[in-house]
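Participant: If you scroll down you'll find the structure; I have some questions about it.
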Amino acid sequence: MASEYVAFSTLVDHAPARLWEVIGDPEVYPRFLAGISLCERVPAAGSQHGTTYRVRVDRGSGGVTDHWVQALISRPAEKLVLAGVPDTGSWVSVHFSALGAGRTRLAFVFFNPNLPVPGGAGWTRARIKSWARAGVDRIRAYLAREPGTDLVNRGAYGTRSGVLRTLLRSGVLAPGGPGRMLGQLTSVARWGYTLVGGYGAAAARVPERTALIDGTSTRTYGELEHRTERLAAGLAGLGLGPGSTVGLLARNHAAMVESMLACGKLGASVVLINIALAGQQVVDAVGEHGVDTVIRDDEFSSLVRYLPQDVRQVSTAAHPDGSGQLSMRALSTGVTHAVPERPPRAGTVVVMTSGTSGTPKGARRPASRGLASIAGILSRIPLQAGERMLISAPIFHAWGLAGLQISTPLRATVVLQERFDAEECLRMIAEQRCTTLFAIPIMLRRILDLPEDVRSAYDTSSLRIVASSGSALSGALVTEFMSVFGDILYNFYGSTEVSWAAVADPTDLRAAPTTAGRPPLGTRLGVLNIEGRPVPPGATGRIFVGNEMLFEGYTDGGSREVRDSLMDTGDLGYIDADGRLFVSGRQDEMVISGGENVFPRSVEEALAYLPQVADVAVVGVDDEEFGQRLAAYIVLHEGSRLDDELVRAYIRHRLPRFAVPRDVVFVDELPRNPTGKILKNRLVETQWLARRG
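Numbering follows numbering that gives the first Met the number 0, with no gaps: position 526 of the sequence shown is 525.
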């Protein structure tokens with residue numbers, strides 16, 4: 000039965016002062032108490048005394064609700080009383096009694112416990128006690144440094160039944176004519192689950208369906224198969240084949256995709272070169288990867304001007320700028336060479352890492368090892384066969400490439416945005432009736448920055464999935480985007496090295512806007528300490544991931560640390576009491592100031608909620624007294640005002656004192672790479688600051 004008053008006590012093998020470290024800090028409650036997805040300090044209203052918190056309660060299928068509580072009594076290691084604000088007639092108290100030998104009796108009293116216990120007043124005494132004791136046990140294990148069991152999806156890479164259900168639900172597996180289904184199987188048998196195999200299988204199944212749309216052309220699956228056969232034959236005439244390495248320097252358009260497919264059919268490896276690299280970096284990348292042919296857009300001719308003479312160049316343009324230049328069109332016209340038989344080995348695809356802290360490295364991406372890998376993504380992002388997918392994220396990076404790869408088993412129509420423009424993106428969604436958008440966070444920010452009358456001029460009602468990845472998605476951006484476009488946002492957390500780690504769906508993001516979500520089907524996720532063992536429940540550690548798509552190493556011979564088949568992501572984070580992953584920041588970005596560990600992302604998240612702030616980055620800089628100090632770089636919305644003292648006062652209220660930035664710098668813009676990641680290494684460069692200061 001429901002209860003208005005619940006009292007009970009429990010013994011814990013820790014001293015009161017140790018328990019107070021957690022219980023006295025409500026902001027960490029989501030790590031230990033199931034159903035509390037968010038707890039943050041907020042400014043107190045009127046004459047209220049004591050710290051006030053906004054608490055978000057996740058009621059599962061019942062949605063989430065926000066409540067406000069105030070710490071009426073907060074006596075360290077003695078007593079804590081939290082009450083509803085305004086007075087709701089509900090409160091909870093915790094009394095600490097030292098028993099000696101490092102033990103404590105915790106006495107709990109819940110009065111009218113509709114807050115913050117998940118489930119509300121309908122909870123029974125037994126359920127409330129069980130919920131609280133489970134939280135206390137996680138706190139006990141955390142303080143005792145007991146290894147946790149937060150290794151999600153331990154065991155086999157997805158059960159066969161789970162994979163089958165997912166593929167049937169998405170329409171990847173669907174009945175068809177025997178002839179066409181045989182063609183599908185033949186393509187997969189020949190090429191495997193590669194991009195070539197995926198497009199070939201789709202061409203056998205639905206040759207008349209539109210495969211690609213860009214700004215100037217439309218290709219059906221059948222046409223794409225025919226065109227890439229001819230281009231492969233033309234490239235073979237140049238001597239390309241197994242063992243060749245082709246550099247691809249292009250924007251999102253059909254010719255880029257055709258180049259990848261033609262090279263794949265020859266068994267040649269493809270290096271996707273970042274179009275934002277400087278000319279010398281392109282020359283270095285070509286040399287380091289043994290590139291013998293570069294296929295590029297004419298606009299990047301200046302970047303390849305100083306390549307060695309023995310590196311062939313092929314233009315993607317129908318009519319190249321330079322006279323006598325080789326072009327894809329010319330190679331495909333009047334072809335007399337037959338397409339070679341299946342090469343002895345499939346060519347690899349090399350994706351350049353983001354290079355936010357140095358020179359980008361090449362990462363060898365594996366081909367999909369089967370339908371289980373596809374089912375993993377579809378288990379968290381409910382894409383359907385026949386989607387109309389707008390890919391605005393650059394294909395030369397892992398996220399745009401992932402969108403292209405997942406489109407083929409879905410036999411989807413892909414719309415490619417060559418250059419991102421926020422209004423053009425909305426126009427393409429409206430005109431092409433796109434159902435899915437693959438984008439990066441800065442693109443979503445630019446869409447929201449459009450005037451409301453501009454956004455509303457385009458009918459985006461067809462859009463049911465917006466999949467974002469490539470850089471951190473701030474809680475403020477999540478909340479604003481979903482308030483404008485509805486519950487269609489999915490946050491994909493992964494990297495070039497591990498492919499995917501977790502996905503936050505709209506339900507996760509409503510409950511906890513900063514979460515990275517939960518691992519897909521067949522993915523193992525561990526938060527480990529420096530020795531490679533699981534950290535205690537709720538503790539921060541190194542994020543490791545295991546799946547079938549871990550990269551095969553860097554092209555310079557390096558790799559990432561692997562523990563028990565789990566690969567290090569390079570990120571730090573924790574798993575909350577409900578099994579959601581949270582990324583605290585990069586391992587190399589953690590700042591140690593005066594002996595305290597600070598993650599810049601927590602400060603960035605707090606500052607992003609200020610209405611004046613359009614963009615923000617926080618970094619650590621050297622400090623003679625404290626070792627390091629925080630520096631905040633802030634871009635203001637046009638017409639907004641903010642000063643450094645207000646920034647410090649705001650953070651001082653929201654976060655611990657050691658998280659207050661000593662330096663506050665207002666800049667016109669932040670340096671970003673093409674996937675939207677902030678180049679933090681440049682923020683501390685004197686020349687950049689001089690230009691922006």
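In this text, a Cβ means the ideal position worked out from N, Cα and C, and glycines have one as well. Being a predicted model, the structure only gives us computed values, none of them experimental.
1. Using a Cβ-Cβ cutoff of less than 6 angstroms, which residues in the same chain neighbour G399 once the five nearest sequence positions on both sides are dropped?
2. Where does I138 fall in DSSP's three states?
3. Please state if the CB of R562 and the CB of G531 are separated by a distance shorter than 8 angstroms.
4. Going by C-alpha to C-alpha distance, which of G170, F625, A401, D642 sits closest to I633?
5. Using a threshold of 8 angstroms, state whether the C-beta atoms of V107 and A6 are closer than that.
6. Go ahead and pull the three-state DSSP assignment for I633.
7. So, with DSSP's three-state summary, where would you put G154?
8. Enumerated in chain order, which unbroken segments of the alpha helix (DSSP H) with a length of 4 residues or greater are wholly contained in the segment 405–491?
9. In chain order, what residues of the same chain lie with their CB nearer than 8 angstroms to the CB of T193, ignoring the 5 residues before and after it?
10. Tell me the DSSP bridge mates of M548?
11. Rounded to the nearest angstrom, what separates V135 and M589 at their Cα positions?
12. Would you please state the rounded distance, in angstroms, between the beta carbons of D567 and F543? I believe it to be under 8 angstroms.
13. Which residue or residues does DSSP assign as beta-bridge partners of A6?
14. Name the residue from D458, H396, N680 whose alpha carbon lies nearest to the alpha carbon of C271.
15. Go ahead and pull the three-state DSSP assignment for L370.
16. Quick check on I591: does DSSP put it in helix, strand or coil?
17. Taking 8 angstroms as the threshold (beta carbon to beta carbon), is I487 in contact with chain C?
18. Using the Cα positions of G572 and R40, report the straight-line distance between them to the nearest angstrom.
19. Following the continuous beta strand (DSSP E) through G619, name the residue where it begins and the one where it ends.
20. Tell me the DSSP secondary structure of K78 in three-state form.
21. Using only CA atoms, which one of L223, V582, A616 lies nearest to L629?
22. Mapping DSSP to helix, strand and coil, what is T292?
23. To the nearest angstrom, how far is the alpha carbon of A605 from that of P174?
24. Tell me whether D12 sits in a helix, a strand or coil according to DSSP, three-state version.
25. With which residues is H66 paired in a DSSP beta bridge?
26. Can you look up G23 in the DSSP assignment and give me helix, strand or coil?
27. State buried or exposed for Y492, treating a residue as buried only when at least 16 other CB atoms are found within 10 Å of its CB.
28. According to DSSP, is Q627 part of a helix, a strand, or is it coil?
29. Can R387 and V414 be called in contact, C-beta distance under 8 angstroms?
30. Buried or exposed for Q686, please, with buried defined as at least 16 other CB atoms from any protein chain shown within 10 angstroms of its CB.
31. Do T352 and T495 have their CB atoms nearer than 8 angstroms?
32. Below 8 angstroms on the Cβ atoms is my guess for Y553 versus L609; work out the distance and round it to an integer in Å.
33. For the beta strand (DSSP E) containing L641, name the first residue and the last one.
34. To the nearest angstrom, how far is it from the Cα of P670 to the Cα of T315?
35. Would you call T158 buried or exposed, if buried means 16 or more other Cβ atoms sit within 10 Å of its Cβ?
36. Can we say the segment 215–230 touches the segment 244–259, given the rule of at least three CB pairs closer than 8 angstroms?
Facilitator: Short version:
1. I390, A392, P393
2. In the structure shown, I138 falls within a helical segment according to DSSP collapsed to helix, strand and coil.
3. yes
4. D642
5. Here residue 107 is Phe; the residue named in the question, Val, does not match the sequence. In this structure, A6 lies closer than 8 angstroms to F107 by Cβ.
6. strand
7. With a pLDDT of 45 at G154, under the threshold of 50, the modelled position of this residue cannot be trusted; read the value that follows with caution. Coil, per DSSP.
8. 421–431, 440–448, 451–454, 474–484
9. Here the set comprises G263, A345, A366, S367.
10. Answer is none; M548 lacks a bridge partner.
11. Straight-line Cα distance between these residues: approximately 29 angstroms.
12. 6 angstroms
13. V108
14. Note on identity: in this sequence residue 271 is Leu, with Cys being the wrong assignment. L271 has its Cα closest to that of H396, out of D458, H396, N680.
15. helix
16. strand
17. In summary, chain C is missing from the structure at hand, where a single protein chain is found.
18. 21 angstroms
19. Note, G619: beta strand (DSSP E), 612–622.
20. strand
21. A616
22. strand
23. 51 angstroms
24. coil
25. V54
26. coil
27. buried
28. strand
29. Yes, the pair counts as a contact, with Cβ atoms nearer than the cut-off.
30. The predicted position of Q686 is uncertain, since its pLDDT is 35 and thus under 50; a value taken from the coordinates is nonetheless stated next. Exposed is the call here.
31. yes
32. The pair is not a contact, with the Cβ atoms about 39 angstroms apart (cut-off 8 angstroms).
33. Careful: L641 lies outside any beta strand (DSSP E) and carries neither H nor E.
34. 29 angstroms
35. The residue in question, T158, is exposed, as its Cβ has fewer than 16 Cβ neighbours within 10 Å.
36. yes
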